[in-house]
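For reference, the structure discussed in these notes is given below.
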Amino acid sequence: MKNMLADFCIGVGVAAVIFLMIITLQTPPLVPTLTNTLSVLIVGGLIGCVTLVMDLVQKFWIALIYHFAGTILLVWGLFLFNNWSIDWITLLVFLGIYIIIWAVSYLLLSSDSSRLSHRLNRNAKH
Numbered sequence: 076m077k078n079m080l081a082d083f084c085i086g087v088g089v090a091a092v093i094f095l096m097i098i099t100l101q102t103p104p105l106v107p108t109l110t111n112t113l114s115v116l117i118v119g120g121l122i123g124c125v126t127l128v129m130d131l132v133q134k135f136w137i138a139l140i141y142h143f144a145g146t147i148l149l150v151w152g153l154f155l156f157n158n159w160s161i162d163w164i165t166l167l168v169f170l171g172i173y174i175i176i177w178a179v180s181y182l183l184l185s186s187d188s189s190r191l192s193h194r195l196n197r198n199a200k201h
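Going by the numbering used here, the sequence shown wraps up at 201, each residue one higher than the last.
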């Protein structure tokens, strides 16, 4: 439960940053409403919870497929709920954002793992 809450909060944070970037870069600009802002944050939190599949499924590529499917379904539902149009450009932007987030997550996790390994090796020598 603690992991789910943490993942939900991380998802909300990531969604907030992405939503602000889209609002800023989109032409014509999207005027955020309370409803679409809250729905973006809630779906972002749910996408964060979908990340828990990575802990449940042993094979990374299978877990990644499940995560991608869950994420795209949630985003599709978000677009339907807010009456936003979905076209090929939208799908390409989604895919680009998805890949960037995974790359950043991978680099952060790899960096954390390296630091932990270094500390364990250093402590083992003493």
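Just so it is clear, CB atoms sit at the ideal spot from N, CA and C, and this is done for glycine as well.
Option in the options with minimal Cα separation from residue i
i	options	result
residue 125	172, 97, 140 and 168	140
residue 147	168, 131, 180 and 133	168
residue 94	137, 127, 130 and 172	172
Span of the alpha helix (DSSP H) around residue i
i	result
residue 130	128-131
residue 78	77-100
residue 150	135-156
residue 125	109-125
Exposure of residue i, with buried meaning 16 or more beta-carbon neighbours within 10 Å
i	result
residue 83	buried
residue 149	buried
residue 121	buried
residue 90	buried
residue 152	exposed
residue 119	buried
Three-way DSSP call (helix, strand, coil) for residue i in this model
i	result
residue 161	coil
residue 166	helix
residue 105	coil
Expected contact under 8 Å - CB spacing of residue i and residue j to nearest Å
i	j	result
residue 164	residue 154	So it is not a contact: roughly 13 Å between Cβ atoms.
residue 123	residue 86	2 Å
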